[in-house]
Amino acid sequence: MGKVSEVTKQVEVKLVRVLQGGKIERLGDEKSISPDVRIIGATKRDLEKEVKEGRFRRDLYCRINVVPIKLLPLRERKGDIGLPVQYFVQEAESQGRKSRSFQRAP
């Protein structure tokens, strides 16, 4: 789930509800179901700070901050860019798109 820090308060409530009780209602259905889900969220914001300043729910933060993984941005890991670029070029070529070549920036 990208930009987890920017979801609306209504979505935060729904996420907490699912993570606490595991129940959801499908659109147009009157019956609740219990999905078996794991949520992986991403954000560039400091969620702990967002919680302290009242912009993010503490209970949701506690539920999603089980196994935090902190990564440096790609601009600070330039050596890691080549593999994803190669993958996406190959994917595009397999779909019949025109081949492109890339050179490393200095």
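Position in the sequence shown counted from 1, then plus 108, gives you this note's numbering.
Yeah, the Cβ is synthetic: ideal placement off N, Cα and C, and Gly gets one too.
Since this is a predicted model, take the numbers as computed values, not measurements.
Chain-order list of residues whose beta-carbon lies under 6 Å from that of residue i (same chain, five-residue window excluded)
i	result
G130	S142
G110	A150
Proximal residues to residue i (C-beta, below 7 Å), its chain only, five neighbours per side dropped
i	result
E120	R165, L168
Cut-off 8 Å between Cβ atoms - residues of its own chain near residue i, not counting five sequence neighbours on either side
i	result
V124	R165, D167, L168, R171
Reference residue i; option with closest CA among the options
i	options	result
F210	G204, E133, P192, S202	P192
D144	I132, D137, E138, T151	I132
K157	S202, Q203, S113	S113
Between the CA atoms of residue j and residue i - distance to the nearest angstrom
i	j	result
Q118	R212	44 Å
P176	I189	22 Å
K206	A200	8 Å
I148	V174	10 Å
Enclosing alpha helix (DSSP H) for residue i [first to last residue]
i	result
A150	Neither: A150 is in no alpha helix (DSSP H) and is coded neither H nor E.
Heavy atom of the ligand FAD within 7 Å of residue i beta-carbon
i	result
L155	Absent from the structure shown: the ligand FAD. Ligands present: none.
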